[in-house]
Every structure is written in C-alpha cells, then in structure tokens.
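Asker: Chains U and V, in that order, give the protein sequences. Residue numbering for the first sequence follows the working numbering, beginning at 1 and increasing consecutively. Residue numbering for the second sequence follows the working numbering, beginning at 1 and increasing consecutively. All C-beta atoms in this analysis are idealised placements derived from N, C-alpha and C, irrespective of residue type, glycine included. Quantities reported herein were computed from a predicted structural model and do not represent experimental measurements. Submitted below is the structure of interest, expressed as structure tokens.
2 protein chains.
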Amino acid sequence: MKWWGWGDEGTEFQIDNRPDLWPYIRASLNLPDDRPHSPRVAFDSVRVPEKKINRAFLNEVTERLGSSRVREDKSERLTHAFGKSFRDLWRMRHGAVDYAPDCVLYPETSEEVSALVASAVRHQVGVIPFGGGTNIAGCLEPIGSRDRMTVSVDMRRMNRLLKLDGESETARFQAGVLGPDVEAQLNRSGFTLGHFPDSFRYSTLGGWVATRSAGMQSDRYGKIEDIVLSLKMVTPAGLIETLAVPRASSGIDINRLCIGSEGALGIITEVVLNVHRMPERKETLGYLFPDFQSGLRALHRCHREGCVPAMARLNDPKKTALSFAFKTAQGAAQRQVGRLVKSYLKHVRRMKLDQACLMLVSFEGSPEAFERDRRRAGGIFRQLGGFGLGAAPGRAFQSGKFDFPHLRDFLWDRGVLTDVSETATVWSNILPLYQAATRSIEAAIKAHCRAGWVGCHISHTYHAGASLYFTFGLDPSPGDDLAQYLRVKKAAEDAFLANGATLSHHHAVGYEHLPWLEKEISPTGLKAIQSLKHGLDPSDLFNSGKFQSGYGFTEWGLPDDGDKPTRKPI
Amino acid sequence: MKWWGWGDEGTEFQIDNRPDLWPYIRASLNLPDDRPHSPRVAFDSVRVPEKKINRAFLNEVTERLGSSRVREDKSERLTHAFGKSFRDLWRMRHGAVDYAPDCVLYPETSEEVSALVASAVRHQVGVIPFGGGTNIAGCLEPIGSRDRMTVSVDMRRMNRLLKLDGESETARFQAGVLGPDVEAQLNRSGFTLGHFPDSFRYSTLGGWVATRSAGMQSDRYGKIEDIVLSLKMVTPAGLIETLAVPRASSGIDINRLCIGSEGALGIITEVVLNVHRMPERKETLGYLFPDFQSGLRALHRCHREGCVPAMARLNDPKKTALSFAFKTAQGAAQRQVGRLVKSYLKHVRRMKLDQACLMLVSFEGSPEAFERDRRRAGGIFRQLGGFGLGAAPGRAFQSGKFDFPHLRDFLWDRGVLTDVSETATVWSNILPLYQAATRSIEAAIKAHCRAGWVGCHISHTYHAGASLYFTFGLDPSPGDDLAQYLRVKKAAEDAFLANGATLSHHHAVGYEHLPWLEKEISPTGLKAIQSLKHGLDPSDLFNSGKFQSGYGFTEWGLPDDGDKPTRKPI
C-alpha cells in the first residue's frame, strides 16, 4: 500500500473513464474551474521520529525470526505508522509524522507470535498488531505510552488456509490472510467466505475480527462476529484458544472477548469460520425508488416477509446522484436509453428525479432460490414504487466497488476533503436519525467550511434495523483544514449518539471514536473492557491507551471552545 | 416450584395415561416387579444451615423494599438454596441441605436492584441472582466464600414488558419475567419471542441470558445470545447499560460480557430482544428414518439447501423407543393403524425397526412459507429414506413437551436415577462424537451401576453443526448412588471434551461443569473471565467462587481414585 493514500503504489483513481464525476463534484461544491492542486510532501522529505531501540528485545526477535523479518527501514516504519483515516492521511500528506513504530516484525506461525510476545513482555516493549493497515478509526497507533520501544507486528505472512472441513463448511485460516487470498484458497474447493468489506483487497482476516468488520454481503453471510467459530489470540498472559463448535453455553463467550479487541489485548493468529458453497448464480440489480422512505419501507418488508437480498444498498438522493455521476462512459445508444428512461420516470411515473433513490440489490444461490428471492423481493419493490433498472447499475457497482476508496486521494489532490461515518439503529429510528445526522453534518459544514456535500446510503439491514453510511465532502475555508474536518466528523458522531445509534456499525473505535465510547457502552461497560485489559495486559503493552476513560475532545484534537475551529498541535 | 423436584406443589407426572412408559423403562433396566419406592424426607425434617445475618445490611434493604419483600423463612430459604440439578435434588431428597441463602429479596425495579447491590457492596454481603431456579448445572450456590451473609435476589417480580417497538420488532422486558408471561405479553399484540426451553414454564428471561439458553425453536429464532440487542446489568462496580442497535463495531461487545456471566458479575435487570410476528401457521410433523445417520444426513441437507425447519429433533434408536413409549393411551383404531404402519415399514420398506429413528420437525410462517419449507424439507427426508408419520407424533410431542422434566421425579421415587448431558459439535464430528460419548456413558454404567439406559437426540442444528442431547437412566448398585451418578455424568462430559465438543450447548457451567471449563476455553481464556470478575466484583460477592481455576474432580465430589466410586462428604 502507498504510505500516503489508498492502494498499491502506482495505482490511481481512473477519472478519465467517468466523465460525469468531476463535473458533478465541482458543481455540488461550487468549485472554481482553476482550482489548484493540493501539495503532498515527497517521501524523502518526510521525517519519522527517532527510533527507541530495546537492544535485548531486538536481539531476541532477530534470533527467532531472522533479520529479513525484522525491519527497521524508513519505508517499513512509515507504512506501518498509521492506518488510512482522514487524520492519518492528512499527516502523511503534510509530512507531520509524529509517530512510527521502531521496527516491524513478520512472524509466520502462531508459535513465533507467542515467542515474540513473550519477548515483548519480558523487555516491556509495546506491540501494535498490524493486518492490512486499512483501518480508518485510528487503531494502529499507541495513544498511551510512547516512551518505550514499540513494534508493529505485520501478520501478512500468516496467510494460509490450514484446514477446510467441507462437510461442516468451516475453514481454519491463519489470521494474516488478505481478502483476495481468503477467497482464492476457498474458491479452489468451491467455497467462499462471503466477506467483502470495501477494504477487501488490502485488509486481513485478523483485522476484520479485531474490528468487528462487515462486508457487502454480510446481510447473507453475517458480520464477522456472526461467523467466527473459534480463534487463537496470543496475549501477554498467554495463548487464548477456543473450541470450534457452532454454539456453546460455556460461560462468557471467549470468542467475543477477542472479537472487537482492536489489538489492545493480543494478536489474533488463527480463526475458524463458517464458509459456504459458492452460489451457482448471483446478480446485482438496480431499482429506482421515488424517495428514500419508500426504499426503506421496501427493505423493511423484505425482512418481514423473509426474502432478504444478499446485499441491499439504498442510496439517498445525494448518494444516488453521486452514483450516477460515478458511472463509466457510455455509448450513444446507452445514453439514448438513459434519456428515455428518465423521461418515462418523470412524465409517466411522475417521479421527482431529484428525490429518487437508487437501490442496488444482490441475489444469489441456486438458480431456483435466486429466482424465488428475486421475484418475491422484486414484487415488494414494485408495490412500493420501485422501478427496475436491470443489471447495468449492478454491473457498474460490482466493477467499481473497490475503487471508491481511491476517490478520496484523487479529490484531496484537488483540495476536496472527504470521509465517511457510519452507524446503525433500529427500523423505527432510521428516518429520524437520517434527518438529524444529515442536518447536523450540514450545519457543521455551513459553520466551518466554504462548501460541502453529504449523502447517505443504507449499507446493511437486519431483523431489527439497519446501518446508515454517511459520506461527506468538504471544500475547506482558508485556515486549518484538519480542524474543519474534525468539526464535521464530530457533528456526525454527536448526532449518532444523541439519537440512540452506535458510534460505528463496522469501522471500530480506535481513538477516532473513543470520545463517544463511554456514552455508548456506559462507564461500567468501559470499566469491564479495562478489567480485561488490566488482567491480560497489565503493563498496557498492546496498542497502548486504547479503551481508556476520559479521552475527550481535547485529546481527540479539538478543544471544546465554541465555534472557533482550532485544534491542539499534533 | 417444589423444593424437592420439578413443577408446582401438587403437580405430578401423569403416568396412568402413558400405558407403555413404565413397562418400557422396567424392561430396559430389567427392574424387578416389586421395586420399592425410594424414600424422600419430609419438609419438616429438613434442616437448613443457621442464618448468618448482617444486621446493617438487612436494615437497609428492609427499609428500601419493605419487610414483605425481604424473606427469611425456611420455605423461602429452601426453595432458593439450589437449582434442579441431580445433585441439588439428591440433597433435597436426603435432607442434606448444606447451604441456603440467609434471606431472599424481591426487587421490583432496576433502581431497587442498584440500591440493594450498593448495600451488599457496602456491607460485603454475598449475592446470588435468582431467576426461576431451574438451572441444572449448579449455578445458584456460592462455592467460594460461605462465611458471610448471602442473599438470594429473586427477580420474578420484575416481570413487565416495558416497551414493544412493533416496527423494529424489538421488545424491552424486565429480566425477571417468566417464559409464559413473556409470551402472554407479546401475544397480546401479535408478537412472539419464540424462546421455548424445556424449563419455559418456570424459567426467566434473565436466567436465559445469564446462562446462554436455547429454546426448542432456536434454530429459527436464535439462541438467546443471538437475539439480545441490549441489556442492563447491575454490577458491584455500577450499572452496565448498552445501546439497542442491530449490530455495532464499538470495541468488545459489552452485551456478550454479560450474556453467560451466570450471576458472577451482576444482576441482569432489563433486556431488549428481537421479537417476531406470530406465525400464521405452524405444525410439528413426525418422520421415521431407517437409522440415525440417514436422519443426520437429512438435517445436514436442509441446511445446505436453505430449508431449515423451525425445530428439528432427531432421536437415536433408544430415544425413539422412549418417545414411542411416552405416548398417551390410544383407541383400538389408532392401535390398529400403528400395527399396520409397523408392518408396512418392516416388510415393504425393509426398515429394521430397532434401528429406526424418529424425527420431529416443526415448520412455521405464512401459509406459503410453511408449505414451501415443508415441501422442500419433506422431499429431502423422503430421498433419505424418511417415512412421514404425519402430525400425530408432533401433537403428542407438543402436548407433552414440558412434562418431560417431571419424569425424573417420578422415576426417582421408584429408585431410578436420570439426568441429561448435552453438547455441540461440527457436522463432520457428530457421528464419531455420538458413538464415543454413548460408549463412554455405557462403560461407566457398566462399571458402576446395576443397570442403565442411554439415549440421544439432536436438539438443534446450525450451518456448521448441531447439538447432541444425551439422556441417561441408572439403576444404581447398592451403596453410594450419588457417586455412581457422578461417574456416569463425568463419563459423558469427559467424552465431549475428549472429542472436541463443548461442555454444554445450553445448560451453562455453574460448578457441575466447572472442572471441564479450562479445557474448553484454555487457561488464558479462563483468566480473561477472572479479569472481568476481578475488575467488576473484586470481593467476589456475586455467586462466589464461580469461574475459579483449579476446580477439579475432588472439589466436584469425586476424587480421582481409579474405579472406586467414592466421593467426599457433602
């Protein structure tokens, strides 16, 4: 991955083939034509903090792993310093790298991880478990003690499928395996995990488990916490190892103490998961609804009538406009069809196109199950005013789905700051929350930035509710652009918690969401996590400072000083 | 509930209407005709331990609750002393009551619970949260400190539905509500929780959550841990309160720290759960399979083909024979039909009737969904040799399903000792585990008892596996019958753990399963639970001694002294 942005070095967002995108963004934010590109510092001019080396530790791990798997060079330190949060990339772009691990270790087995953790405990060296480095909540950086040596443990060499049980449809993986390698190793035998987060290409199984990840098809296959049967996690107090059984009643579920522990209790080294036979048929279809509410009603009814799509993404009007602007160049014939459809919807169906909402739904399974679900859900959609757009929007989505994170870098180069904040709530609260959060974000944009844009889509649905995924873009006012961003981010999270929704449905806590954690889980709930931390990692070696109490907006970088957008220096 | 057995005082197992049952049991165990009834001590001759009273505490809680909700009489103390495990009932029957709470408190609100827990902490009084008292794993008795005053907190006055959100299909209940009252309050508005454990009539929501309960229809509605959205739990360190959202990524899931905590961390006072519209149609059907393996294959295929019944109970041959013996008296015509079916199966279908396995399956939902599921599953069953017995076995099961626990008392009165041990494993391990555990139990019976009987049924199925529910009956040799029982129970649990299965699928740990816990969750896993305990309840006031390390078979009551069935005195 690039040290300063998303994707491999050399890859870039392909704007040329999406002719409507930049015009749409420029118009939305009312940007001047001759907008200058934002500067980005060069690798050579980035300074990383001086190394704190614990020689005895380093000798031990070098003896164990060999020097090729103990890396101290600047490039390694820099690419393991942060994740991919807005603040992370802001610091990289500005060369303001206030932290980097002192070295990076590459274990290959659970036993090696146990040995290096034992060394770390013996020599009181800080440890940051590192999966793919894609996290956007500040999960990869100690915010407690930074006085000691800290090592990043890159798990990506632990990438093997250890056992596939085809009858039980379970698979044991080493936890450092990347998304594509999970699927490749399973697909070979006709199986799939079905876990496709936006970060899929670059994130690891262990990272998914540590952060309670969701994938695009989690409505069908479950969030990661729903599909883990057992795991191994190396903690400073020893190895946690659970039994791979479908359900149990053996006291507090130890799997669930490890899932969501965000690197603060130990390193997840192996995971056993539910897997599934690859579906014979799958397809993503587009539907256009007259408004957000009718689309929501349609998804609600799918749950009530037991025909839940494998994926359902309902865009609000703004996100719908962005989705259409995201489409690749079309031939004349396609454009003509598009115009006819538009005209039909406007004049015959009396749709107000600026309020229309695009929903993408995937169905999959055996040909019969596919057909049955598609027919039943399609019937509900039509009853609620949905207009079938066929498979073209689905193909466009599927081909571009992993490109979206690249867009942030592209826009940032042009001075436009973008980010996402997502949450979940129960059905009866979705519309009030949607309205409140949108208002709150818009108000913050108005108060602090020159211009901005906010859209939302429903990304996952459940029996009891759904997740709302907000995307925003800012054209900052002159001055401190990071502080302006933080104001808007805070407005989103404040609105979530004020309206009974979670601080995150699948992006974890890290330190970016830490100020809201106590509000969500109560002070005693936080104390429970701290009790675990204290018992397993009494010296706070792992991801130091996470899950601490009293981490407020000052610590977060934004003193609560009324409207003045200032922040503490990094 | 009776202090010495199952059910309300006055209710008794109705044997007269089940003419085949006692003959079947007598024949299975080769019991002599003139078997004498076992003695059971009278209430008046039971002595309960002397009270340890902390006057200051008692004054505080009496002032808060009023004297009618602070009970110290013998009857209250006795009915709150134990659960309904074999050992519990053995002690009651023998008048060997070595523990009873010093008083019983009846709070009515979360606030009252918080106040009484604060008093308990202030005065260092032990607390046992008490739901319905139906637990069979030893969850209601302190095994750590017994030197201080201990109070049982009976939650059954906290029995109200606080909020029903029909759109989200969620409901907030006080945690002391009994099963029938959960359903009655929901049914009124057309909803159901769908949680029907064998203990349904007498157990509470809070108890279900504290022990990770499963109900008969959990394959459809989920185990209790799958359907909790949020909860309140009063701990010595304060109130844990979580947010009712369908899914979240806010660090370690606090709900899951409370679920399965078995009264050792605090008192669960409120729970928000998924509920469902009552199904328009439901029915339980019987199928007879030529053997256990083909029945298993049929259930496996239901999962792989996406037509999972709401309930599926597959009996092994022994349990099948018991089920048929359990049926109520039939008229001459019915008997004649039964004979004809038998003859057909034997001579035309060439079924070996002593290997045949009865499966009961429930389908429910809209008329269309019901019909679709029944047809698809029925097709699979037929392909695997299943013979449809229609709705009669289902009706018999549904009418008798909550009577089964009464049978233990009835048989005990006749000197036959019975109990259950259940577990879960992945599909590929079910048959090996079934055979190993059956052999292990049979060997223990042969080594220690005069005669015995063991049967098994599959009680729940999942994507990755299923639960196996063993029932055994013993005719003890002269001498220490409790020790003989413990040998057999140990043989079952030993076999589970030796074969990679869980110590319990839905009966919890308590102290009856504590010797196996470390093996299941690893020493560091146990340390994690102890860290939680230490952080939230540092004086070990709640359910003292649970989740301790080093609780071996000596502590359990059975010194590992080879074949000699002795045990430490109670």
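Closer than 7 Å by C-beta to D409(U): which residues in its own chain qualify, once you throw out the five before and the five after it? Chain order, please.
Answerer: For D409(U), where only same-chain residues beyond five positions count, the Cβ hits under 7 Å are G5, W6, F13.
Asker: Do you know how far the Cα of V104(V) is from the Cα of L65(V)?
Answerer: Going from the Cα of L65(V) to the Cα of V104(V) covers about 11 Å.
Asker: For the beta strand (DSSP E) that I268(U) lies in, which residues bound it at each end?
Answerer: From DSSP, the beta strand (DSSP E) with I268(U) extends over 267–274.
Asker: Tell me which residues of the stretch 423–443 of chain U have at least one Cβ-Cβ distance to chain V shorter than 7 Å, keeping chain order.
Answerer: Of all residues in the stretch 423–443 of chain U, A424, T425, V426, W427, S428 have a Cβ within less than 7 Å of some Cβ in chain V.
Asker: K163(V) touches chain U at which residues, Cβ-Cβ below 7 Å?
Answerer: Here the premise fails: no neighbours, minimum Cβ distance about 11 Å.
Asker: Leaving aside the five residues before and after S213(V) along the sequence, list all residues of the same chain whose C-beta is less than 6 Å from its C-beta, in chain order.
Answerer: Excluding positions up to five away in sequence, the list reads P197, I224, H506.
Asker: Drop a sphere of 10 angstroms on the beta-carbon of G394(V), count the other beta-carbons inside from all chains shown, and report buried for 16 or more, exposed for fewer.
Answerer: G394(V) comes out buried.
Asker: Give me the Cα-Cα distance between L407(U) and N159(U), rounded to the nearest whole angstrom.
Answerer: Distance between the alpha carbons of L407(U) and N159(U): 28 Å.
Asker: Starting from F547(V), find everything on chain U with Cβ-Cβ shorter than 7 Å and list it in chain order.
Answerer: The answer, in chain order, is G251.
Asker: Using a beta-carbon distance below 8 Å, is P246(V) in contact with chain U?
Answerer: Yes, P246(V) counts as interfacial toward chain U.
Asker: Between T204(V) and M278(V), is the Cβ-Cβ spacing less than 8 Å?
Answerer: No, the Cβ-Cβ distance between T204(V) and M278(V) is not below 8 Å.
Asker: The stretch 525–541 of chain U: which residues have C-beta closer than 9 Å to a C-beta of chain V, in chain order?
Answerer: The residues in question are G525, L526, K527, A528, I529, Q530, S531, L532, K533, H534, G535, L536.
Asker: Interface residues of chain U around E169(V) at Cβ under 7 Å?
Answerer: Simply H463, A464.
Asker: Y469(U) bridges to which residues according to DSSP?
Answerer: Note: Y469(U) sits in a beta bridge opposite E422(U), H457(U).
Asker: From F326(V) to T471(V), what distance separates their C-alpha atoms?
Answerer: Cα-Cα distance, rounded: 14 Å.
Asker: In the structure shown, what three-state DSSP assignment does R350(V) receive?
Answerer: R350(V): coil per DSSP, three-state reduction.
Asker: Which residue from G545(V), M351(V), K318(V), T425(V) puts its Cα closest to that of G144(V)?
Answerer: Residue G545(V) is the option with its Cα nearest to G144(V).
Asker: Taking the alpha carbon of R47(U) as the point to measure from, which residue in A27(U), R35(U), D73(U), P23(U) has its own alpha carbon closest?
Answerer: Looking at the Cα atoms, D73(U) is the closest of the given residues.
Asker: Mind checking the stretch 208–242 of chain U against chain V and listing, in chain order, the residues whose C-beta falls within less than 8 Å of any C-beta there?
Answerer: Flagged, chain order: T211, R212, S213, A214, K223, E225, L229, T235, A237, G238, L239, I240, E241, T242.
Asker: If the cut is a Cβ gap below 8 Å, which residues of chain U does R256(V) touch?
Answerer: I252, D253, R256, L257, listed in chain order.
Asker: State the CB to CB distance for the pair K533(U) and A264(U), rounded to an integer number of angstroms; the pair is presumed to be in contact (CB under 8 Å).
Answerer: The Cβ separation is near 6 Å, so the contact holds.
Asker: Go through its chain and collect everything with a Cβ distance to G260(V)'s Cβ below 6 Å, but skip five positions before and after it.
Answerer: Answer for G260(V): R212, listed in chain order.
Asker: I want to verify the contact list: residues of chain V whose CB lies under 7 Å from the CB of T502(U), in sequence order.
Answerer: What T502(U) touches in chain V: L243, V245, A248, S250.
Asker: To the nearest angstrom, report how far apart L239(V) and G215(U) are at their CA atoms.
Answerer: Using only the alpha carbons, I get a separation of about 33 Å.
Asker: Among D419(V), V127(V), R297(V), G473(V), which one has its Cα closest to the Cα of Q383(V)?
Answerer: Comparing Cα positions, the closest option is R297(V).
Asker: What residue from L116(U), Q336(U), L340(U) has the CA that sits closest to A56(U)'s CA?
Answerer: Answer by Cα proximity: L116(U).
Asker: Are the beta-carbon atoms belonging to E270(U) and L231(U) less than 8 Å from one another?
Answerer: Yes; because the gap between Cβ atoms is below 8 Å, this pair is in contact.
Asker: What's the C-alpha gap between H123(V) and E60(V)?
Answerer: Spanning the two alpha carbons is a distance of roughly 10 Å.
Asker: Chain U partners of V509(V), CB-CB under 7 Å?
Answerer: Correct list: S250, G251.
Asker: If the criterion is Cβ atoms closer than 8 Å, does the pair H457(V) and K282(V) meet it?
Answerer: No; because the gap between Cβ atoms is not below 8 Å, this pair is not in contact.
Asker: Please work out which residues of its chain come closer than 8 Å, Cβ to Cβ, to A356(V), disregarding the five sequence neighbours upstream and downstream, and give them in chain order.
Answerer: These residues qualify, in order along the chain: L288, F289, P290, D291, P317, T320, L345.
Asker: Would you kindly report the start and end of the unbroken beta strand (DSSP E) that includes P129(U)?
Answerer: 126–130 is the extent of the beta strand (DSSP E) around P129(U).
Asker: Which residue wins for smallest C-alpha separation from V153(U), given the options D537(U), R77(U), E167(U), G365(U)?
Answerer: Checking every option, the nearest Cα to that of V153(U) belongs to R77(U).
Asker: Quick one: grab the DSSP three-state call for T235(U).
Answerer: DSSP places T235(U) in strand when its eight states are reduced to three.
Asker: Tell me whether the beta-carbon of H448(V) lies closer than 8 Å to the beta-carbon of R487(V).
Answerer: Yes, these two residues count as a Cβ contact at 8 Å.
Asker: Between the beta-carbon of S366(V) and the beta-carbon of A508(U), is there less than 8 Å?
Answerer: Taking 8 Å as the Cβ cut-off, S366(V) and A508(U) do not qualify as a contacting pair.
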